[in-house]
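J.: So in this note's numbering, the last one in the sequence shown is 734, and the numbering has no gaps at all. Cβ coordinates follow ideal geometry from the N, Cα and C atoms, glycine included. Just so it is clear, the structure is predicted and the values come from calculations on it, not from any experiment.
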Amino acid sequence: MKIKSPHLLHQVLPFLALSCLLLTTLSTSLTATAGSLRDKNGDIMRGTRMVLGKPYAPGSSTPTVENTLDLDEWLYLKELGFNSIRVVWVDPFVKDDPNWNSPGSWWEVDDVLPYLDDAVATATQAGMNIIINYHNVGEYVEQEGFMDELADFGEMAEFWEKVAPRYADNDLVYYELNNEQTWNSADYYTETFMSAMQAVYEQVRSDAPERTIIMFSFNNIAQPMKDIADNYGFIDWDYTAVGYHFYGWVSNTEESEIASLETLLASDYPTICTEWGYDYDADYYKAYLGYPINAQALEHYQQSWFDWRDWSETRLDQITEVLIPDAKEKGYYWLNSSSSSSSSSSSSSSSSSSSGQICTTGCNWYGTLYPVCEHYETGWHWLNSQSCIGAQTCEDQWGDGGLAALCPTSSSSSSSSSSSSSSSSSSSSSSSSTSASNSSSGLPLPPVWDCELTQLNQWSGGFTAEFKISNKNGPINRWGVAIYFSPEVQISNSWNSMVEESGSYLYGTSLWVENAAWNGMLATDESVTFGMQGTTQSPISDVQCRQQQD
């Protein structure tokens with residue numbers, strides 16, 4: 185979470201990365217003596233946030249805690265290329281927020297421990313790193329110190345006294361002691377601040393001597409981060425890193441902020457960016473190094489990083505529709521294709537048949553078989569280089585189609601296994617046949633269709649847009665495309681299609697558009713037109729239409 189100004193809280197934005205330093209091999213807990221903090225395998229940590237807090241508990245209107253405890257959610261993020269999750273306990277903020285501070289609105293430390301146990305168990309099962317973060321904003325400023333009426337050292341100290349020994353022997357666990365405790369640089373130099381932090385730090389270090397601690401978690405990179413760290417002589421930097429959030433400060437220049445960051449990165453302190461976000465209209469957002477998505481700057485610096493999304497956000501659209509497409513387009517996508525799963529992992533479940541074959545749950549869509557999307561209940565999507573269908577959409581179709589068990593034939597199984605060890609040339613010749621399968625599941629090759637904008641009419645505050653779908657390879661029973669408008673638009677009606685507003689992306693509005701009930705079937709080289717009308721506050725500068733949604 186982020187501070188816009190001393191009296192306004194804002195919710196996160198993309199963080200910055202480190203300078204091009206030679207990264208040294210880390211120990212099994214810290215993995216860095218200078219440069220970026222890395223995990224026990226020596227890998228850069230890349231991740232996103234998950235939430236623990238009573239207002240977001242299972243059964244609430246925004247049950248984001250369910251995702252925190254859901255192994256499938258972790259494994260999906262791992263499939264996208266993340267190896268780490270930052271789990272933030274937000275009840276300390278809830279307790280201090282006048283919008284929430286009625287009794288019973290939050291969990292106390294003892295209340296959250298069982299949920300934290302489950303989150304750590306899920307991380308361990310997924311084989312992913314987990315940063316545990318005591319999450320408040322401006323706590324030192326609001327309380328005029330860390331002390332609390334209910335405890336000698338405040339809730340932060342109580343939390344770590346109970347949490348630190350709990351996971352002391354788990355080398356996937358990292359401890360981020362607090363979050364943006366102050367936005368005033370001078371506070372970091374006061375005896376009150378330093379002595380309180382020393383007491384908590386030394387307690388955690390004693391209870392969990394081999395766990396890496398992340399200190400400071402600065403609210404912006406304009407802070408004199410290296411100089412502040414120099415003054416904390418009690419810190420054991422073999423098992424500690426400087427945390428910062430890749431945000432700016434409204435009164436500082438981008439150049440001075442980058443200079444502050446690079447001064448820190450050139451030091452002997454391990455560093456990690458534990459927040460960057462997607463709030464591009466915020467006054468603290470800056471396109472550092474000229475990159476609109478700040479993760480690109482972090483990759484440039486080879487820095488470990490975590491993005492930030494709103495606590496109530498249950499979907500991953502900002503990751504799948506903004507971050508990853510940008511990373512792929514601009515060449516900084518971190519996922520090594522050789523390490524990704526070569527199997528068709530978009531199907532929702534699998535089972536072993538009596539012959540030893542692996543069967544998957546798929547969708548019989550008007551006579552054509554497709555995999556079922558693992559993380560989408562509705563709509564058509566594009567995952568692992570193939571189309572997949574949400575289970576609910578599959579079941580809602582007319583006629584006799586629906587969910588079905590898909591088992592490969594023995595010939596397709598042997599063909600699949602041989603192709604996995606064969607050269608790329610045999611793989612490409614196999615995929616050129618329309619009857620060949622694109623994975624061990626024996627599923628057909630994905631259909632291909634083109635989408636183009638054929639007409640755009642604009643007037644003050646409104647527009648109409650018409651598009652053309654052209655089918656390119658064999659009969660299809662349905663079609664779907666992603667459409668991106670820049671800047672943002674609102675759709676009021678459409679024709680010959682069903683339009684779902686997916687949300688905002690970096691430059692505007694993203695839509696998912698599917699065929700209407702009467703125009704989904706297209707023969708080879710057939711086409712269909714569709715359109716929409718809407719409103720906009722400024723003229724449309726760009727429209728993109730493509731088959732792949734994410």
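I need the straight-line Cα distance from Y324 to F377, nearest angstrom please.
T.: Residue mapping note: residue 324 aligns to position 140 of the sequence shown, counting from 1. Residue mapping note: residue 377 aligns to position 193 of the sequence shown, counting from 1. Straight-line Cα distance between these residues: approximately 8 Å.
J.: Between I667, G546, I405, G692, which lies nearest to V434 when the distance is taken from Cα to Cα?
T.: Here residue 434 is taken as the residue at index 250 of the sequence shown, counted from 1. Considering only alpha carbons, the answer is I405.
J.: Taking its Cβ as the centre, do 16 or more other Cβ atoms sit within 10 Å of K514, making it buried, or is it exposed?
T.: Here residue 514 corresponds to residue number 330 of the sequence shown, with the count starting at 1. When all chains shown are included, K514 counts as exposed.
J.: Classify Y668: buried if its beta carbon has 16 or more other beta carbons within 10 angstroms, exposed otherwise.
T.: Numbered from 1 along the sequence shown, position 484 holds the residue referred to as residue 668. Counting Cβ neighbours within 10 Å, Y668 comes out buried, since at least 16 surround it.
J.: Buried or exposed: D463, going by 16 or more other Cβ atoms within 10 Å of its Cβ?
T.: One-based indexing of the sequence shown puts residue 463 at position 279. The residue in question, D463, is buried, as its Cβ has 16 or more Cβ neighbours within 10 Å.
J.: For D254, which residues in the same chain have their Cβ closer than 8 Å to its Cβ, ignoring the five residues on either side in sequence?
T.: Position 70 of the sequence shown, counted from the first residue, corresponds to residue 254. Correct list, in chain order: T306.
J.: Do you know how far the Cα of I315 is from the Cα of L297?
T.: Here residue 297 refers to the residue found at position 113 of the sequence shown. Here residue 315 refers to the residue found at position 131 of the sequence shown. L297 and I315: Cα-Cα distance of roughly 15 Å.
J.: Which word fits A815, buried or exposed, when buried means at least 16 other C-beta atoms lie within 10 angstroms of its C-beta?
T.: Any answer about residue 815 is impossible in this case: the structure gives the chain only from 185 up to 734.
J.: For the segment 250-267 against the segment 346-363, are there 3 or more C-beta pairs whose distance is under 8 Å?
T.: By the criterion of at least three beta-carbon pairs nearer than 8 Å, the segment 250-267 is not in contact with the segment 346-363.
J.: Classify F343 as helix, strand or coil using the three-state DSSP reduction.
T.: The residue labelled residue 343 in the question sits at position 159 within the sequence shown. Helix at F343.
J.: Mind reading off the beta-carbon distance from W290 to Y318? Whole number of angstroms is fine, and I expect it under 8 Å.
T.: Translated into the one-based positions of the sequence shown, residue 290 becomes position 106. Translated into the one-based positions of the sequence shown, residue 318 becomes position 134. Contact check for W290 and Y318: beta-carbon distance about 13 Å, past the 8 Å limit, so the pair fails to qualify.
J.: Put D501 into one of helix, strand or coil per three-state DSSP.
T.: By one-based count along the sequence shown, residue 501 stands at place 317. Note: D501 maps to helix in three-state DSSP.
J.: Run the CB neighbour count on K238, radius 10 Å, all protein chains shown included, and call it buried at 16 or more, exposed below.
T.: Here residue 238 corresponds to residue number 54 of the sequence shown, with the count starting at 1. It is buried - the Cβ of K238 has at least 16 other Cβ atoms within 10 Å.
J.: Among E446, E459, N703, which has the Cα closest to the Cα of W663?
T.: As a first step, residue 663 is located in the sequence shown; it is residue number 479 there, counting from the start. Closest by alpha carbon: N703.
J.: Apart from the five residues on each side of it in sequence, which residues of its chain come closer than 6 Å, Cβ to Cβ, to W492?
T.: Position 308 of the sequence shown, counting from 1, holds the residue named residue 492. Only V196, R233, E459, G461 meet the Cβ criterion.
J.: Under the three-state reduction of DSSP, which class applies to H319: helix, strand or coil?
T.: Numbered from 1 along the sequence shown, position 135 holds the residue referred to as residue 319. Three-state result, H319: coil.
J.: Could you check if D275 belongs to the surroundings of the ligand GTP, using beta carbon to heavy atom distance under 7 Å?
T.: The model depicted lacks the ligand GTP and carries no ligand whatsoever.
J.: Measure from the alpha carbon of D580 to the alpha carbon of each residue in L300, S722, W549, V235, then state which is nearest.
T.: Against the sequence shown, residue 580 aligns to sequence position 396. When each option's Cα is compared against that of D580, the closest is W549.
J.: How would you label Y469, buried or exposed, when you count the other beta carbons within 10 angstroms and need 16 or more for buried?
T.: Taking the sequence shown and counting its residues from 1, one reaches residue 469 at position 285. Answer is buried; the Cβ neighbour count reaches 16.
J.: What distance in whole Å lies between the Cβ atoms of S496 and C457, which are believed to be in contact at a cut-off of 8 Å?
T.: For the purposes of this step, residue 457 is taken as the residue at position 273 of the sequence shown. For the purposes of this step, residue 496 is taken as the residue at position 312 of the sequence shown. Actually they are not in contact, since the Cβ atoms of C457 and S496 sit about 23 Å apart, beyond 8 Å.
J.: Cβ of G417 within 8 Å of Cβ of M399?
T.: Mapped onto the sequence shown, residue 417 falls at position 233. Mapped onto the sequence shown, residue 399 falls at position 215. No. Outside cutoff.
J.: Let me check understanding here. Comparing Cα to Cα, which of P282, P242, N313 lies closest to G226?
T.: Taking the first residue of the sequence shown as position 1, residue 226 is located at position 42. When only C-alpha atoms are compared, the closest one is N313.
J.: How big is the Cα-Cα spacing for S379 and Y372?
T.: The sequence position of residue 379 within the sequence shown is 195, counting from 1. The sequence position of residue 372 within the sequence shown is 188, counting from 1. One C-alpha to the other measures close to 10 Å.
J.: Sort A707, S676, S694 by Cα distance to I653 and report the nearest one.
T.: Within the sequence shown, residue 653 is the residue found at index 469, counting from 1. Of A707, S676, S694, the residue nearest in Cα terms is A707.
J.: So is E439 buried or exposed if we call it buried at 16+ other beta carbons inside 10 Å?
T.: Working through the sequence shown from its first residue, we reach residue 439 at position 255. Counting Cβ neighbours within 10 Å, E439 comes out exposed, since fewer than 16 surround it.
J.: Got a sec, what are the start and stop residues for the beta strand (DSSP E) Q642 sits in?
T.: Stepping through the sequence shown from its first residue, residue 642 is reached at position 458. Q642 -> beta strand (DSSP E) spans 633-643.
J.: Helix, strand or coil for E684 per DSSP?
T.: Counting from 1 along the sequence shown, the entry for residue 684 is found at position 500. Three-state result, E684: strand.
J.: Around the Cβ of W258, are there at least 16 other Cβ atoms within 10 angstroms (buried) or fewer (exposed)?
T.: Along the sequence shown, one-based indexing puts residue 258 at 74. W258 comes out buried.
J.: Answer with buried or exposed for W367, where buried requires no fewer than 16 other C-beta atoms within 10 angstroms of its C-beta.
T.: In the sequence shown, residue 367 corresponds to position 183, counting from 1. Buried: at least 16 other Cβ atoms inside 10 Å.
J.: Evaluate S681 with the Cβ neighbour count: other Cβ atoms within 10 Å of its Cβ, from every protein chain shown; 16 or more gives buried, anything less gives exposed.
T.: The residue labelled residue 681 in the question sits at position 497 within the sequence shown. Burial call: buried.
J.: Using alpha carbons as the reference points, say which of Y423, Y472, S286 lies closest to T437.
T.: For the purposes of this step, residue 437 is taken as residue 253 along the sequence shown, with counting starting at 1. When each option's Cα is compared against that of T437, the closest is Y472.
J.: Identify, in the order they occur along the chain, each residue of the same chain with its Cβ nearer than 7 Å to the Cβ of L745, setting aside the five sequence neighbours on each side.
T.: The structure shown has nothing for residue 745, since the chain only spans 185 to 734.
J.: Rounded to whole angstroms, what's the CA-CA distance from R499 to S678? Just pull it up for me.
T.: Indexing the sequence shown from 1 puts residue 499 at position 315. Indexing the sequence shown from 1 puts residue 678 at position 494. Going by the C-alpha atoms only, they are around 25 Å apart.
J.: Considering Cα atoms alone, identify which of N655, G646, A575 is closest to C635.
T.: Here the question's residue 635 lines up with position 451 in the sequence shown. Among N655, G646, A575, the Cα nearest to that of C635 belongs to N655.
J.: When the Cα atoms are used, what is the spatial distance from I573 to T545?
T.: The residue you call residue 573 lines up with position 389 of the sequence shown. The residue you call residue 545 lines up with position 361 of the sequence shown. Roughly 11 Å between the two C-alpha positions.
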